[in-house]
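From first to last, the protein sequence lines are chains P and H. Under this note's numbering, the first residue of the first sequence carries the number 1, and numbering increases by one thereafter. Under this note's numbering, the first residue of the second sequence carries the number 1001, and numbering increases by one thereafter. Built from N, CA and C at the ideal position, the CB exists for glycine as well. Notes follow the structure.
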Amino acid sequence: MALPIIASFPELAEMQKKCAADFALRELSNRPEGVTAEEIKNLHNDGFEQYVLVCGGTGCHASNSAEILKNFEVAIEKHGLNKKVKIVRTGCFGFCEQGPIVKILPDNTFYVHVTPEDVEEIVASHLESGNKVERLLYVLPTTGEHMPDSKHMPFYKKQVRIALRNCGFIDPENINDYFARRGYEALAKVLQMKPEDVIQTIIEAGLRGRGGGGFPTGQKWKITREVQNDTKYVVCNADEGDPGAFMDRSILEGDPFSIIEAMSINGYCTGANHGLIYIRAEYPLAIHRLEIAIAQARECHLLGNNILGTNFSFDIELRYGAGAFVCGEETALIRSMEGHRGEPYVKPPFPSVRGYKGYPTNVNNVETFANIPPIILNGAKWFASIGTEKSHGTKVFALAGKVNNVGLIEVPMGTTLRQVIFEIGGGIKGGKKFKAVQTGGPSGGCLCEKHLDIPIDYDNLIAAGSMMGSGGMIVMDEDNCMVAVAKFYLDFTVEESCGKCAPCRIGNKRLYELLDKITKGCATMEDLENLENLAKVIKDTALCGLGQTSPNPVLSTLLNFRDEYIAHVVDHRCPAHQCTSLVRYSIDPAKCKGCTACARNCPVNAISGTVKNPHTIDPAVCIRCGSCVSRCKFGAITVE
Amino acid sequence: MKQDNCTKEILDKVRQICAEHRNDSGELITVLHQAQHLLGYLPREIQEVVAECLRIPVASVYGVVTFYSFFTMTPKGKFPISVCMGTACYVRGSEKILNEIQRQLGIKVGETTEDGLFSLDCLRCVGACGLAPVVTIDGKVFGRLTTDKVAGILDEYRKQA
Chain P
1 MALPIIASFP ELAEMQKKCA ADFALRELSN RPEGVTAEEI KNLHNDGFEQ YVLVCGGTGC
61 HASNSAEILK NFEVAIEKHG LNKKVKIVRT GCFGFCEQGP IVKILPDNTF YVHVTPEDVE
121 EIVASHLESG NKVERLLYVL PTTGEHMPDS KHMPFYKKQV RIALRNCGFI DPENINDYFA
181 RRGYEALAKV LQMKPEDVIQ TIIEAGLRGR GGGGFPTGQK WKITREVQND TKYVVCNADE
241 GDPGAFMDRS ILEGDPFSII EAMSINGYCT GANHGLIYIR AEYPLAIHRL EIAIAQAREC
301 HLLGNNILGT NFSFDIELRY GAGAFVCGEE TALIRSMEGH RGEPYVKPPF PSVRGYKGYP
361 TNVNNVETFA NIPPIILNGA KWFASIGTEK SHGTKVFALA GKVNNVGLIE VPMGTTLRQV
421 IFEIGGGIKG GKKFKAVQTG GPSGGCLCEK HLDIPIDYDN LIAAGSMMGS GGMIVMDEDN
481 CMVAVAKFYL DFTVEESCGK CAPCRIGNKR LYELLDKITK GCATMEDLEN LENLAKVIKD
541 TALCGLGQTS PNPVLSTLLN FRDEYIAHVV DHRCPAHQCT SLVRYSIDPA KCKGCTACAR
601 NCPVNAISGT VKNPHTIDPA VCIRCGSCVS RCKFGAITVE
Chain H
1001 MKQDNCTKEI LDKVRQICAE HRNDSGELIT VLHQAQHLLG YLPREIQEVV AECLRIPVAS
1061 VYGVVTFYSF FTMTPKGKFP ISVCMGTACY VRGSEKILNE IQRQLGIKVG ETTEDGLFSL
1121 DCLRCVGACG LAPVVTIDGK VFGRLTTDKV AGILDEYRKQ A
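This is the structure:
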């Protein structure tokens, strides 16, 4: 693909117009009233009447979307539709639970769980003859109704997409698609403004850091700008280490250009000419797409010297993380980029004053950057009108765990947890009872039933004992033991602690041991008291953000689920039947038909009995794997 | 498993990688990423060459290698297995999957089987949370796993070997 060299503002405008024409049908499809055949005929988009959008995000990629894409190419060629149908590999649609996803435009048909073998039918039936393939449509779990298009799906209805505006819509490996969606218009606008005025716009918009801390982004830019130094750096923090969170990855995979544009804007405002993206090496697809995006931006002269004919020069390099959670903390990230162990250092000085190699460094998170171009284009007032009083705009969450609709969502600040979990998320999987929702990852906390109606924003979540964090949101049901969950997070923190300060290195290890004792049923009430005291001490004395927040999972579960702790300690019972040392499997002889299914599937031969006679489980041999329960058709196996 | 393929040729390639990064100690992590690509792990010999080229103590190189979980000093099996222990997979039962794989292979996390076929690791989130619980074997993702599927999947790989 030969890319244009864009050397000035008029050339960019010309390019945008050209690409937008090719994009017209895709844009029209977004309209609530749909598109008429007449309109399609009048489009200047090389005659394409239909678009096939195939999700190329990591989730769908893992379930074979590459082969689906290939089969579409073959089938469309075979049916002679290649002049009428255009295939686009997009970034993540967000609805990962239903992947692989294929979307057909202009009618917005949303096919779910598509296999490579389904492609021929979609092409022959839908694209050629206009009959939707009913069996591949999304089925609403509550009513069993087939949803013909994505606009009416509850998963999408409540969402407002700003950071994810291009994900699942553009080809992330083609800068022309980005141009068509007003790409680089924000940079062009900024280059004709004074940097101070741009920063003022960001301040007025009230954008707060989306990486977890919630620091006002405009203020950070202002501090970096005001430090006098000829060399400054802009860093994009893409070290998304929160297990179960994939917001940043999806943005980088689905819309890498917006991050590059936003970093350039940041460079212009703060006086930096160097950009660095610190990205996890575990994200090969995101790295690949970023490399392509950077190369294309350079080819178009939108990175490099004298961008758009101005005096502004800016370029970006990638730096790879190597699997250390603490490197998401900005000072540790800087140490890591310099080639050292990722150990944080005491602030101040803040990176904005003294950062990478001692130079002023503006560090922002991926999602924060993704919000910048829309704010520039639509204005501070527009952004400030979305959300709550102190938290403006939207937030992207990776909704996962025991919820029906796992996926990536973006909602206005102020949306309640109940709306997210029960409307967008479609409620709890398997009709089980909701127990807790964990936000903020290993630094956050577990919230319970009584918190479901609080509007989500930075301050409300902290007041409730959790935090916004980067946007992981894990839903748990009655089968999850909250003590075990706290232990899971502490296990994570112990492993990820850099070891520099004693409270985190030693304290968290002791916390873990206490939790381990509790889950094994050999703790005392005194242990419980020690647990709480120690957690508070770590919170007050650890060096960095990771250490200070690491006891949060313990403190919040103690606050909201103390009865579960007490059940473990006093009654030696795990109410969720998860802690294996405290549960016992037994067979009810009245219900057992002697079918032998359990005995045949027991991996350790703990079950004995003869055909048509009740079986028994030997608790000394049983490893409590639960495979017998899933095999028994008569509900004869009880767990206590 | 005996694997002694840290030849002079490999070490020369390591020197070349360092030179491509101007022997700049600030590029240590980038250098180690590329060096690990050569053999799949970073034996002592490679670390010594890196230290020499970048003119930093071997202890600093070792410090970095052991700090980051992505770097390893033990060779991986022919089919490396990674069990996702991200929160989404954890709440959907990845611990049980891990226990079952450990039981089937007779190895613990971080170890490699005697025959060199499988090595077992945990990782934090591959980002396919919709498929939880997830295990990757030799780069292929197995989603929505249950304990009773483990043996069959491992057998498939044994047949391929």
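Rounded to whole angstroms, what is the Cα-Cα separation between leucine 1028 of chain H and isoleucine 456 of chain P? 41 Å
Considering just the uninterrupted stretch of the alpha helix (DSSP H) at isoleucine 538 of chain P, what are its terminal residues? 525-541
Output yes if chain P places a C-beta closer than 8 Å to the C-beta of lysine 1108 of chain H; else output no. no
What does a CB cutoff of less than 6 Å around leucine 559 of chain P pick up in its chain, not counting 5 residues either side in sequence? Within the same chain, and ignoring the five residues on either side of leucine 559 of chain P in sequence, the residues whose Cβ sits closer than 6 Å to its Cβ are Gly465.
Ends of the alpha helix (DSSP H) at leucine 81 of chain P? Secondary structure note for leucine 81 of chain P: it is in no alpha helix (DSSP H), with a DSSP letter that is neither H nor E.
In chain order, what residues of the same chain lie with their CB nearer than 6 Å to the CB of threonine 224 of chain P, ignoring the 5 residues before and after it? Thr270, Ser352, Pro360 and Asn362
Listing by chain order, which chain H residues have their CB less than 7 Å from the CB of arginine 354 of chain P? Correct list: empty, because the minimum Cβ distance to chain H is about 16 Å.
For tyrosine 1084 of chain H, the first and last residue of its enclosing alpha helix (DSSP H): The residue asked about is misnamed: residue 1084 of chain H is cysteine in this sequence, not tyrosine. Looking at the DSSP string, cysteine 1084 of chain H is not in any alpha helix (DSSP H); the run it does join, the beta strand (DSSP E), is 1079-1084.
Span separating the alpha-carbon of aspartate 1012 of chain H from that of cysteine 1053 of chain H: 11 Å
Determine whether the Cβ of glycine 1077 of chain H lies closer than 8 Å to any Cβ atom of chain P. Put simply, the CB of glycine 1077 of chain H is far from chain P, with every gap to its CB atoms at 8 Å or more.
Within 8 Å (strictly less), CB to CB, does isoleucine 474 of chain P reach chain H? yes
Could you give the first and the last residue of the continuous beta strand (DSSP E) run that contains histidine 274 of chain P? 274-279
In or out: valine 537 of chain P buried (at least 16 other Cβ within 10 Å) or exposed? Classification for valine 537 of chain P: exposed.
Taking the DSSP output, what are the residues bridged to glutamate 410 of chain P? P/Val396
Within its chain, find whatever has a CB closer than 6 Å to the CB of alanine 286 of chain P; leave out the 5 residues flanking it on each side and keep chain order. Arg249, Leu252 and Glu253
Whole-Å CB distance - valine 629 of chain P paired with valine 621 of chain P, under 8 Å assumed: With a Cβ gap of about 16 Å, valine 629 of chain P and valine 621 of chain P do not count as contacting.
Can you check the segment 1051-1076 of chain H for any alpha helix (DSSP H) of at least 4 residues that lies completely inside it and give the ranges in chain order? 1058-1067
Starting from serine 608 of chain P, follow its DSSP beta bridges and name the residues at the other end. P/Thr616
Close-in-space but distant-in-sequence residues of the same chain around isoleucine 1056 of chain H (CB under 8 Å, 5 per side omitted): Ser1025 and Leu1028
On the three-state DSSP scale, how would you describe lysine 70 of chain P? Correct three-state label for lysine 70 of chain P: helix.
According to the neighbour-count rule (16 or more other Cβ atoms, all chains shown, within 10 Å of its Cβ), is proline 619 of chain P buried or exposed? exposed
How about the segment 331-346 of chain P and the segment 505-513 of chain P: do they share at least three Cβ pairs that are nearer than 8 Å? no
Of the choices P/Gly469, P/Phe215, P/Lys157 and P/Asp177, whose alpha-carbon is the least far from that of asparagine 166 of chain P? Looking at the Cα atoms, P/Asp177 is the closest of the given residues.
Beta-carbon neighbours of histidine 1033 of chain H, restricted to chain P and to distances below 9 Å: Ala281, Tyr320 and Ala322
Just to check my reading of the structure: alanine 322 of chain P and phenylalanine 1070 of chain H have Cβ atoms closer than 8 Å, yes? What is that Cβ distance to the nearest angstrom? 4 Å
Is the distance from the Cβ of glutamine 438 of chain P to the Cβ of threonine 1146 of chain H below 8 Å? no
What beta strand (DSSP E) runs, 3 residues minimum, are completely inside the segment 1017-1041 of chain H? none
Within 10 angstroms of its Cβ, does cysteine 1125 of chain H collect 16 or more other Cβ (buried), or is it exposed? buried
Can you check whether the C-beta of glycine 244 of chain P is within less than 8 Å of a C-beta belonging to chain H? Look at glycine 244 of chain P: its C-beta is under 8 Å from a C-beta on chain H.
Do the CB positions of methionine 473 of chain P and phenylalanine 397 of chain P come within less than 8 Å of each other? yes
Could you check the C-alpha separation between glutamate 49 of chain P and histidine 146 of chain P for me, to the nearest Å? Here the alpha carbons of histidine 146 of chain P and glutamate 49 of chain P stand approximately 25 Å from one another.
List, in chain order, every chain H residue whose beta-carbon is nearer than 8 Å to that of asparagine 601 of chain P. Asp1148
Residues from the segment 399-415 of chain P in contact with chain H, defined by Cβ distance under 7 Å: Sequence-ordered contacts of the segment 399-415 of chain P with chain H read Ala400, Gly401, Lys402, Val406 and Gly407 [C-beta pairs closer than 7 Å].
Quick one: is proline 172 of chain P buried, meaning 16 or more other Cβ sit within 10 Å of its Cβ, or exposed? buried
On a Cα-Cα basis, can you pick out the residue from P/Asp479, P/Cys544 and P/Ile5 that is closest to proline 503 of chain P? When only C-alpha atoms are compared, the closest one is P/Cys544.
Specify, as a first and last residue, the run of the beta strand (DSSP E) that glutamate 317 of chain P falls within. From DSSP, the beta strand (DSSP E) with glutamate 317 of chain P extends over 315-320.
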